[in-house]
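**Q** In the UniProt record's numbering, the protein residues as written are 1 to 268. Can you keep this structure in mind? I'll have questions shortly.
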Ligand SMILES: [Zn+2]
């Protein structure tokens, strides 16, 4: 009898500590992130700074001519993205514009050789100068807005803020791609098809080992299917549950009454 009580009590303690551990991680996340954000922006402390109502751009002199464009596109999509995701950042969002992608990768701790056009990490956005990926013959503003990283990375920042770091990679990528689709009609991996779509487990535990295009595409399709069926409000609600420390599966179930794995499996 006594043994049973001890077993029960230790199970209870384990349960409570697991429950609160996640809450503590989630609660302390903004403070930890703020410290990390400072060290990221310190990397660009010699850069020039220009701000608009909601954004701060840091840049080197050779990119000064692109600053109005970056701020224009960021401000243009600010209202829609913050409405969609139900949250406005408390501070201005920092965008660091790099003319040296190698430095960007080093500062944002991306593996060497893996060059991205934009990155989000710890509360700060980095982008590669448009000069390095848009050729002079192209329509600079149209290409930068449609194919550029601003909406995508800003969506990552909001997800991270609301969910307090508590989300799988595929979910934030799906939301970022959904925002690109809603804002710029950009469809990731259009025309590319998988023989067998990735399962929720593969996306959750193996995202970085999967085929990049197919993994992003599947993430986009799942998030889009969630909003098609349950509306954008469901995404806003799920993000809030994540921010309270619930897992994605529990959050999804709480908002929709449906098991996430079953929902994903039902999508072909
Ligand atoms: Zn992304």
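Where is the CB? At the ideal position from N, CA and C, for every residue including glycine. As the structure is a computational prediction, the values presented were derived from the model and not from experiment.
Closer than 6 angstroms from C-beta to any heavy atom of ligand 1: which residues, in chain order?
**A** 152, 156, 173, 176
**Q** Report all residues from its chain with a CB closer than 6 angstroms to the CB of residue 96; omit the five preceding and five following residues, and keep chain order.
**A** In the same chain as residue 96, and ignoring 5 residues on each side of it, the C-beta atoms closer than 6 angstroms to its own belong to 44, 58, 126, in chain order.
**Q** Please report how far the alpha carbon of residue 233 lies from the alpha carbon of residue 5, in whole angstroms.
**A** Rounded to the nearest whole angstrom, the CA to CA distance from residue 233 to residue 5 is 44 angstroms.
**Q** Figure out for me which residue from 268, 109, 65 has the closest Cα to the Cα of residue 195.
**A** 268
**Q** Can you give the Cα-Cα distance for residue 132 and residue 187, rounded to whole angstroms?
**A** Approximately 23 angstroms between the Cα atoms of the pair.
**Q** Considering Cα atoms alone, identify which of 12, 213, 68 is closest to residue 191.
**A** Measuring from the Cα of residue 191, the nearest candidate turns out to be 213.
**Q** Can you tell me which of the three DSSP states residue 60 falls into?
**A** coil
**Q** Could you check the C-alpha separation between residue 177 and residue 263 for me, to the nearest Å?
**A** 19 angstroms
**Q** Short check: CB of residue 182 to CB of residue 86, under 8 angstroms?
**A** No, these two residues do not count as a Cβ contact at 8 angstroms.
**Q** Go ahead and pull the three-state DSSP assignment for residue 247.
**A** coil
**Q** Does the region 161 to 174 come into contact with the region 193 to 210, if we say contact requires no fewer than three beta-carbon pairs (one atom in each stretch) closer than 8 angstroms?
**A** yes
**Q** Thinking just about the alpha-carbon of each residue, which of 35, 68, 7, 46 is nearest to the one in residue 55?
**A** Ranking the options by Cα distance to residue 55, first place goes to 68.
**Q** Pull up the DSSP beta-bridge partners for residue 126, would you.
**A** Within the DSSP bridge table, the entry for residue 126 names 96, 119 as partners.
**Q** Would you mind sorting residue 98 into buried or exposed? The rule is 16 or more other CB atoms within 10 Å of its CB.
**A** buried
**Q** Which one or two residues does DSSP pair with residue 55 in a beta bridge?
**A** 93
**Q** Determine which residues share a DSSP beta bridge with residue 201 and list them.
**A** DSSP, once it has assigned bridges, lists no residue as partnering residue 201.
**Q** Ends of the alpha helix (DSSP H) at residue 142?
**A** 140 to 147
**Q** Alpha carbon to alpha carbon, what distance is there between residue 63 and residue 83?
**A** 30 angstroms
**Q** If you check the beta carbons only, do residue 174 and residue 37 fall under 8 angstroms apart?
**A** no
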